[in-house]
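One structure is given here, and the rest of the page talks about it.
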Amino acid sequence: MNNLKEYLIPFVGLKIGKHQFDYQIDNTFFKNFDYNEFNDVSVKVDIVLEKKSTMLELDFKHKGTVNVPCDVSGEEFDLPIKGKLKLLVKFGDAFNDENEELLVLPHGEFQVNVAQYIYESIILSVPLRRIHPGVKDGSLSDVIQKLESLSPKENKKEEQQNNDIDPRWENLKKLLTDK
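Heads up: take any position in the sequence shown, counting from 1, add 25, and you land on this note's numbering.
Below you can see the structure in the form of structure tokens.
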């Protein structure tokens, strides 16, 4: 975690008002967190720190792409992501980061580490299901055809058994669907 010193924002010397901080995130950032779900990362993070007399307001915005494998086809593709995060920093007796929108720093603290918040906001902006755009629009038709050929087919014996069912049971099945 010593490689994350550039994500320490010293706020003691800053004047009251808004201050802009920009970061370009790549794979080396995620290696510090032992996170290897992304093949490649190119995300720009903009942080606006508004210093007030008794607290700090941090507004995180990120936009960029992460290269991930498709959950359907296995093909790698660049997934565009973007997101926002608002963080209030107050001062108290002890460090407390239990609330995701409020950070309490001890009174003597002179800097805030934003690396964890950048990491979490990028990870949470990636959808749970990652589908290649070619699967949606049909341009990966050879992959789709292969998946369809490998999909399970209904067994012919089961079809025959379904046809040999007593008609009285069929009427009972209708009761289940006629709710």
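All residues carry an ideal CB built from backbone N, CA and C; glycine is no exception.
- Residue range of the beta strand (DSSP E) that includes residue 101: Position 76 of the sequence shown holds residue 101. Counting along the chain, the beta strand (DSSP E) containing residue 101 begins and ends at 101-117.
- Item | Nearest candidate by alpha-carbon position, reference residue 117, set 41, 128 and 104 | For this step, residue 117 is matched to residue 92 along the sequence shown. Nearest of 41, 128 and 104 to residue 117, Cα basis: 128.
- Query: Rounded to the nearest angstrom, how far is the Cβ of residue 72 from that of residue 83, given a contact under 8 Å?
  - Reply: Locating residue 72 in the sequence shown gives position 47, counting from the first residue. Locating residue 83 in the sequence shown gives position 58, counting from the first residue. In this structure residue 72 touches residue 83 by the C-beta definition: roughly 6 Å separates them, less than 8 Å.
- Between 161, 102 and 142, which lies nearest to residue 111 when the distance is taken from Cα to Cα? As a working note, residue 111 is residue 86 in the sequence shown. With distances taken between Cα atoms, residue 111 lies closest to 142.
- Query: What's the gap between the Cα of residue 86 and the Cα of residue 152?
  - Reply: For the purposes of this step, residue 86 is taken as residue 61 along the sequence shown, with counting starting at 1. For the purposes of this step, residue 152 is taken as residue 127 along the sequence shown, with counting starting at 1. When rounded, the separation of the alpha-carbon atoms in residue 86 and residue 152 is 17 Å.
- Evaluate residue 133 with the Cβ neighbour count: other Cβ atoms within 10 Å of its Cβ, from every protein chain shown; 16 or more gives buried, anything less gives exposed. Counting from one through the sequence shown, the residue named residue 133 turns up at place 108. Classification for residue 133: exposed.
- Message: Can you give me the C-alpha to C-alpha distance between residue 30 and residue 65, rounded to a whole angstrom?
- Response: In the sequence shown, counting from the first residue as 1, residue 30 sits at position 5. In the sequence shown, counting from the first residue as 1, residue 65 sits at position 40. In this structure, the straight-line span from the alpha carbon of residue 30 to that of residue 65 is close to 22 Å.
- Given that a residue counts as buried once 16 or more other Cβ atoms are within 10 Å of its Cβ, and exposed if not, what is residue 38? Position 13 of the sequence shown holds residue 38. It is exposed - the Cβ of residue 38 has fewer than 16 other Cβ atoms within 10 Å.
- Give a yes or no on whether the C-beta atoms belonging to residue 160 and residue 97 are separated by under 8 Å. Taking the first residue of the sequence shown as 1, we reach residue 160 at position 135. Taking the first residue of the sequence shown as 1, we reach residue 97 at position 72. Cβ atoms of residue 160 and residue 97: closer than 8 Å.
- Task: Have a look at 103, 196 and 139 and flag the residue whose alpha-carbon is nearest the alpha-carbon of residue 113.
- Result: Taking the first residue of the sequence shown as 1, we reach residue 113 at position 88. Comparing alpha-carbon positions, the option among 103, 196 and 139 lying closest to residue 113 turns out to be 139.
- Message: At a threshold of 7 Å, does residue 48 count as lining the ligand GDP (C-beta to nearest heavy atom)?
- Response: Because no ligand of any kind appears in the structure shown, any question about the ligand GDP cannot be addressed here.
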